[in-house]
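Structure first, commentary second.
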Amino acid sequence: MARLNSDSNIEKTLAAPASTDPEIGKITAPLPERNELVLEDQEFVPPDGGWLAWSQVLATLLTCTISWGLPSAFGVYQLYYRDTLKLPQSQVSWIGSVQFLLTYGICTCSGRLADAGYIRSTMALGSFLVVFGTFMTSLGTEYWHFFVAQGVCVGIGLGIMFMPPLSVTSSYFLKNRTMALTCAATGTSIGSVIFPAIIQYLIPQVGFGWAVRVSGFVALFCMVTAIILIRPQLQPRTSGPIVEWAAFKEVPYLLYSVGAFLLYWALFFGSFYINSFARNIIGFSTIDSVQLLLILNGVSIPARPLAGYIANWHFGVMNTYIIATIFFGIVTLAWMAVHDRAGMYVIAVFFGLGNGVCQGLFLGSLASLTSDATKMGTRIGMVHTLVAFATLAGPPTAGAIIDSSDGRYTYAQIWAGSLILVAAGLFIGARTAVVGKVVRVRI
Numbered sequence: 001m002a003r004l005n006s007d008s009n010i011e012k013t014l015a016a017p018a019s020t021d022p023e024i025g026k027i028t029a030p031l032p033e034r035n036e037l038v039l040e041d042q043e044f045v046p047p048d049g050g051w052l053a054w055s056q057v058l059a060t061l062l063t064c065t066i067s068w069g070l071p072s073a074f075g076v077y078q079l080y081y082r083d084t085l086k087l088p089q090s091q092v093s094w095i096g097s098v099q100f101l102l103t104y105g106i107c108t109c110s111g112r113l114a115d116a117g118y119i120r121s122t123m124a125l126g127s128f129l130v131v132f133g134t135f136m137t138s139l140g141t142e143y144w145h146f147f148v149a150q151g152v153c154v155g156i157g158l159g160i161m162f163m164p165p166l167s168v169t170s171s172y173f174l175k176n177r178t179m180a181l182t183c184a185a186t187g188t189s190i191g192s193v194i195f196p197a198i199i200q201y202l203i204p205q206v207g208f209g210w211a212v213r214v215s216g217f218v219a220l221f222c223m224v225t226a227i228i229l230i231r232p233q234l235q236p237r238t239s240g241p242i243v244e245w246a247a248f249k250e251v252p253y254l255l256y257s258v259g260a261f262l263l264y265w266a267l268f269f270g271s272f273y274i275n276s277f278a279r280n281i282i283g284f285s286t287i288d289s290v291q292l293l294l295i296l297n298g299v300s301i302p303a304r305p306l307a308g309y310i311a312n313w314h315f316g317v318m319n320t321y322i323i324a325t326i327f328f329g330i331v332t333l334a335w336m337a338v339h340d341r342a343g344m345y346v347i348a349v350f351f352g353l354g355n356g357v358c359q360g361l362f363l364g365s366l367a368s369l370t371s372d373a374t375k376m377g378t379r380i381g382m383v384h385t386l387v388a389f390a391t392l393a394g395p396p397t398a399g400a401i402i403d404s405s406d407g408r409y410t411y412a413q414i415w416a417g418s419l420i421l422v423a424a425g426l427f428i429g430a431r432t433a434v435v436g437k438v439v440r441v442r443i
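In the numbering used here, the protein residues as written are 1 to 443.
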């Protein structure tokens, strides 16, 4: 079974002396010993590049296109459901929130299944549920139809299929892991552009039902391709608990987990409500308001790999992640100052940058705190399960704040921006727990 030579990279990092990196001209922390893997008593070095390794990135990108793109497109569905079903925003938001909850909440189980070697079978099962739920959504006529099909069935499928390719991709890279995972996460933005566009622009042409079915066929194509490409590398870890409670005894992991919870509580506020804000407050048409969502998601496509490059080769993934979170919190608070159409387009661009980088670096920064590659799926899945409850509560909380404020968004914007900045503070605490108070350390 593959395992790492060191079970605790944090203690070794703190104990070892810092060194000067001549390439970047600044002090850097010593690399943990997680760069050496042992497989059946022989030194094993992941390829860190080449067609096979990057094909795993492509498989993960296609999976992220579905597993993150579909939920991120719920802002378009929210407008349609609210206009069709004539229900409050907070009630309609529960469909998307339950989908997010299940997508993230099942990640602990699917991550452990991935570590145990059940890669293709879990991806196939999840893909079936996603496609089936999407086609059932196309037949819905009442609130509970959409809740069960889109919220529950699709959510379970997304949660099952998301983690396996992620853990496989992580095992193929070491030095370029942040870049690889950030490129894979670009699929989130691609899906967030494709699926809203499909729904929004096909509804007038072929109706809601066939618009949703087309999105189902796109999802089917992406997942079949991903399953064909995926090639597990590490030997399965057949023993061990589903939840590794000992991970929460590590201060960096604990602080990061709490920060991730607060960040994801507010992360999708902009994606869910920027189009309704534009229509109800600024006076955008429905078509123009959806274009803002497409701009937001489209800007994040180049932002993710660019952030991955900067994090991988210049500042370090955790440092870049902290800066991006602070930036995103400030942008969310600055949204309160927008009162015209030009301002909406500007804030959509900055929202796309902040949201895209935060989501893009989430996997890489979390993977940097995991020393044992055979536990990668379990540990990442645990944090995803934790943030599942945050994503469940986030949009309905924002909707309730807006409804209780007579349709005003100011208090919801303050709530979201403040949570994101507190999350950034906790990420700073996690960084400090690893390297101390030294500022110029790449981590």
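Where is the CB? At the ideal position from N, CA and C, for every residue including glycine. Bear in mind the structure is a predicted one, so any value in this text is a computation, not a measurement.
Since residue i and residue j should fall inside the 8 Å C-beta cutoff, what is the C-beta to C-beta distance between them, to a whole number of angstroms?
{"i": "Tyr77", "j": "Ile199", "result": "7 Å"}
{"i": "Gly308", "j": "Cys183", "result": "6 Å"}
{"i": "Ala388", "j": "Leu255", "result": "At roughly 19 Å, the Cβ-Cβ gap does not stay under 8 Å, so Ala388 and Leu255 are not in contact."}
{"i": "Ile230", "j": "Arg120", "result": "6 Å"}
{"i": "Phe195", "j": "Leu70", "result": "6 Å"}
{"i": "Met163", "j": "Cys107", "result": "5 Å"}
{"i": "Gly187", "j": "Leu61", "result": "4 Å"}
{"i": "Leu392", "j": "Ser55", "result": "Wrong, their Cβ atoms sit about 34 Å apart, outside the cutoff."}
{"i": "Gly316", "j": "Ile443", "result": "5 Å"}
{"i": "Asn275", "j": "Leu293", "result": "5 Å"}
{"i": "Gln447", "j": "Ile282", "result": "Here the chain covers residues 1 to 443 and nothing more, so residue 447 does not appear."}
{"i": "Leu127", "j": "Met161", "result": "For the record, residue 127 in the displayed sequence is Ser; it is not Leu. Contact flag correct, Cβ pair sits at about 6 Å."}
{"i": "Gly417", "j": "Leu333", "result": "4 Å"}
{"i": "Ser189", "j": "Ala73", "result": "Going by Cβ atoms, the distance from Ser189 to Ala73 rounds to 11 Å, so no, they are not a contact pair."}
Over what stretch of residues does the alpha helix (DSSP H) that includes residue i continue unbroken?
{"i": "Ala247", "result": "Per DSSP, Ala247 belongs to no alpha helix (DSSP H) and is neither H nor E."}
{"i": "Ile119", "result": "Ile119 to Ser138"}
{"i": "Leu85", "result": "Phe74 to Leu85"}
{"i": "Cys358", "result": "Arg341 to Ala367"}
{"i": "Phe146", "result": "Tyr143 to Phe146"}
{"i": "Phe328", "result": "Val317 to Ala334"}
{"i": "Gly159", "result": "Val154 to Ser171"}
What is the DSSP secondary structure of residue i, counted as helix, strand or coil?
{"i": "Ile95", "result": "helix"}
{"i": "Phe269", "result": "helix"}
{"i": "Ser189", "result": "helix"}
{"i": "Gln233", "result": "coil"}
{"i": "Asn479", "result": "Outside the displayed span of the chain (1 to 443) sits residue 479, for which this structure offers no information."}
{"i": "Tyr451", "result": "Summary: the structure shown does not reach residue 451, with the chain confined to residues 1 through 443, and so no result is reported for it."}
{"i": "Ala116", "result": "coil"}
{"i": "His49", "result": "Correcting the residue type first, residue 49 is Gly in the shown sequence and not His. Three-state DSSP puts Gly49 in coil, outside helix and strand."}
{"i": "Lys437", "result": "coil"}
{"i": "Ile282", "result": "helix"}
{"i": "Arg431", "result": "helix"}
{"i": "Val383", "result": "helix"}
{"i": "Gly207", "result": "helix"}
{"i": "Val243", "result": "coil"}
{"i": "Pro305", "result": "helix"}
{"i": "Pro196", "result": "helix"}
{"i": "Val224", "result": "helix"}
{"i": "Ile287", "result": "helix"}
{"i": "Trp68", "result": "coil"}
{"i": "Ile443", "result": "coil"}
{"i": "Pro396", "result": "helix"}
{"i": "Ile106", "result": "coil"}
{"i": "Val57", "result": "helix"}
{"i": "Val299", "result": "helix"}
If you count every other CB in all the chains shown that lies within 10 Å of the CB of residue i, and 16 or more means buried, which is it?
{"i": "Glu250", "result": "buried"}
{"i": "Leu181", "result": "buried"}
{"i": "Gln359", "result": "buried"}
{"i": "Val45", "result": "exposed"}
{"i": "Arg440", "result": "exposed"}
{"i": "Asp340", "result": "exposed"}
{"i": "Pro204", "result": "exposed"}
{"i": "His384", "result": "buried"}
{"i": "Ala424", "result": "buried"}
{"i": "Ile420", "result": "buried"}
{"i": "Leu52", "result": "exposed"}
{"i": "Tyr201", "result": "exposed"}
{"i": "Trp335", "result": "buried"}
{"i": "Gly356", "result": "buried"}
{"i": "Thr378", "result": "buried"}
{"i": "Asp83", "result": "exposed"}
{"i": "Ile462", "result": "Coverage of the chain is limited to positions 1 through 443, which leaves residue 462 absent and any answer about it impossible."}
{"i": "Val438", "result": "exposed"}
Would residue i count as contacting chain C if we go by Cβ distances under 9 Å?
{"i": "Gln205", "result": "Of the chains in the structure shown, none is chain C; there is only one protein chain."}
* To do: Check whether the region 314–328 touches the region 286–300, taking contact to mean three or more Cβ pairs, one atom from each stretch, closer than 8 Å.
  => Because the criterion of three Cβ pairs below 8 Å is not met, the region 314–328 and the region 286–300 do not touch.
Discussion item. Taking contact to mean 3 or more Cβ pairs, one atom from each stretch, closer than 8 Å, check whether the region 253–264 and the region 395–412 are in contact.
Written reply: No, the region 253–264 does not touch the region 395–412.
- Message: Three or more C-beta pairs under 8 Å: does that hold for the region 62–72 against the region 217–227?
- Response: Yes, the region 62–72 is in contact with the region 217–227.
Hey, is the region 159–170 in contact with the region 267–274, meaning 3+ C-beta pairs nearer than 8 Å?
Output reads no: the region 267–274 does not touch the region 159–170.
Requested in this report: Please confirm if the region 144–161 is in contact with the region 97–106, defined as three or more CB-CB distances below 8 Å between the two stretches.
Outcome: With a cut-off of 8 Å, the region 97–106 and the region 144–161 count as touching, because enough Cβ pairs lie within range.
- [ ] Take every Cβ of the region 117–135, pair it with every Cβ of the region 399–412, and state whether three or more of those distances are shorter than 8 Å.
- [x] Touching, no, given that fewer than three Cβ pairs across the two stretches are closer than 8 Å.
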